[in-house]
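Numbering (the working numbering), first residue to last: 1320 to 1596.
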């Protein structure tokens, strides 16, 4: 199994994956306005035919791009860690991130595709089919945002705002907790920008939010693609002790609680009073 390409070749791969995510998004939108059925998975999260249609397109397309790189999908079969640990390079995908937002028809769901190498996200593509907005980035280039009908533009996190009196905080429309409320109370005056799916990480990547604290369960496929975008934009995605999130390091695919921010997370974690255990 070979390593990912570098520099211009990695940019070309990012564009190829972006086109594939767009195709998956078209399949999702074909079902978006229909009377689709919603079933419940074992973890009580919702599942629709749109999730499965996007999964099939992505798995087939990524296998064509490079058959040597396995695909780990939220909607695929469970792969034991004893097997996964042999994968230095693999695709990690969430075919429809924000299924709850899809069911609510508020448009805030995404197609997430990440390339993981040695436990790090080296390439990420986040495509929002309703907004027709792409966020993408990789380790050897600048993060970009592209809206329909417009040329791609570079994006970057908002640096040097740790001391701001009124930070912008990205938060979830579908998930909330008393612990998060307590952390935001300790933070002091702020503006909460509610958003679904991995778009919250992308808000930090483009400087529209200063931080995104996540105090609750997420899975690795929820964050990996946007994590790559945040890093390419100059930001960090760390656990509550300031260590960068890593992927495929254990049997569980659940992330630790985390913070998305620019630069050193220590100052923000202190203002939020985290960790609070």
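We treat Cβ as the ideally placed atom computed from N, Cα and C, and that holds for glycine.
Computed from a predicted model, the values in this text were never measured in an experiment.
Residue nearest to residue i in terms of C-alpha spacing, selected from the options
{"i": "residue 1462", "options": "1441, 1449 and 1450", "result": "1441"}
{"i": "residue 1401", "options": "1568, 1369 and 1507", "result": "1568"}
{"i": "residue 1391", "options": "1365, 1539 and 1561", "result": "1539"}
{"i": "residue 1504", "options": "1595, 1575, 1343 and 1466", "result": "1595"}
{"i": "residue 1482", "options": "1529, 1511, 1385 and 1554", "result": "1529"}
{"i": "residue 1409", "options": "1425, 1362 and 1322", "result": "1322"}
{"i": "residue 1324", "options": "1566, 1471 and 1436", "result": "1436"}
{"i": "residue 1368", "options": "1422, 1468 and 1439", "result": "1422"}
{"i": "residue 1545", "options": "1561, 1348 and 1416", "result": "1416"}
{"i": "residue 1405", "options": "1590, 1580 and 1320", "result": "1320"}
{"i": "residue 1348", "options": "1588, 1450 and 1438", "result": "1450"}
{"i": "residue 1364", "options": "1379, 1418 and 1334", "result": "1418"}
{"i": "residue 1589", "options": "1570, 1559 and 1572", "result": "1559"}
{"i": "residue 1553", "options": "1360, 1426, 1473 and 1350", "result": "1473"}
{"i": "residue 1355", "options": "1328, 1384, 1398 and 1424", "result": "1424"}
{"i": "residue 1477", "options": "1384, 1580 and 1570", "result": "1580"}
{"i": "residue 1334", "options": "1384, 1420 and 1584", "result": "1384"}
{"i": "residue 1515", "options": "1584, 1443, 1360 and 1420", "result": "1420"}
Cutoff 8 angstroms; reference residue i; Cβ partners in own chain excluding five residues on either side
{"i": "residue 1496", "result": "1534 and 1535"}
{"i": "residue 1499", "result": "1490, 1532, 1534 and 1535"}
{"i": "residue 1542", "result": "1517, 1520, 1556, 1564, 1574 and 1577"}
{"i": "residue 1509", "result": "1485, 1486, 1487, 1488 and 1503"}
{"i": "residue 1382", "result": "1390"}
{"i": "residue 1329", "result": "1323, 1441, 1442, 1457, 1458, 1459 and 1460"}
Cα-Cα separation between residue i and residue j, rounded to whole angstroms
{"i": "residue 1460", "j": "residue 1550", "result": "10 angstroms"}
{"i": "residue 1479", "j": "residue 1582", "result": "8 angstroms"}
{"i": "residue 1506", "j": "residue 1592", "result": "8 angstroms"}
{"i": "residue 1338", "j": "residue 1576", "result": "31 angstroms"}
{"i": "residue 1396", "j": "residue 1341", "result": "23 angstroms"}
{"i": "residue 1428", "j": "residue 1548", "result": "16 angstroms"}
{"i": "residue 1352", "j": "residue 1377", "result": "21 angstroms"}
{"i": "residue 1326", "j": "residue 1475", "result": "19 angstroms"}
{"i": "residue 1398", "j": "residue 1388", "result": "14 angstroms"}
{"i": "residue 1379", "j": "residue 1426", "result": "25 angstroms"}
{"i": "residue 1439", "j": "residue 1386", "result": "20 angstroms"}
{"i": "residue 1350", "j": "residue 1407", "result": "35 angstroms"}
Those residues which DSSP pairs with residue i across a bridge
{"i": "residue 1431", "result": "1413 and 1445"}
{"i": "residue 1580", "result": "1530 and 1555"}
{"i": "residue 1489", "result": "1512"}
{"i": "residue 1455", "result": "1444 and 1463"}
{"i": "residue 1568", "result": "Residue 1568 pairs with nothing; no bridge assigned."}
{"i": "residue 1385", "result": "Looking at the DSSP assignment, residue 1385 forms no beta bridge with any residue, so it has no partner."}
Same chain, Cβ closer than 7 angstroms to residue i, neighbours up to 5 away in sequence not counted
{"i": "residue 1394", "result": "1370, 1371, 1374 and 1414"}
{"i": "residue 1344", "result": "1430, 1446 and 1448"}
{"i": "residue 1411", "result": "1391, 1433, 1435, 1539, 1540, 1543 and 1566"}
Own chain partners of residue i with C-beta closer than 6 angstroms, once the 5 adjacent residues on each side are dropped
{"i": "residue 1358", "result": "1366"}
{"i": "residue 1563", "result": "1557"}
{"i": "residue 1452", "result": "1466"}
{"i": "residue 1537", "result": "1574"}
{"i": "residue 1586", "result": "1481"}
{"i": "residue 1471", "result": "1463 and 1465"}
**Asked** For the 8 angstroms Cβ check, are there 3 or more pairs between the region 1518 to 1534 and the region 1445 to 1459?
**Response** yes
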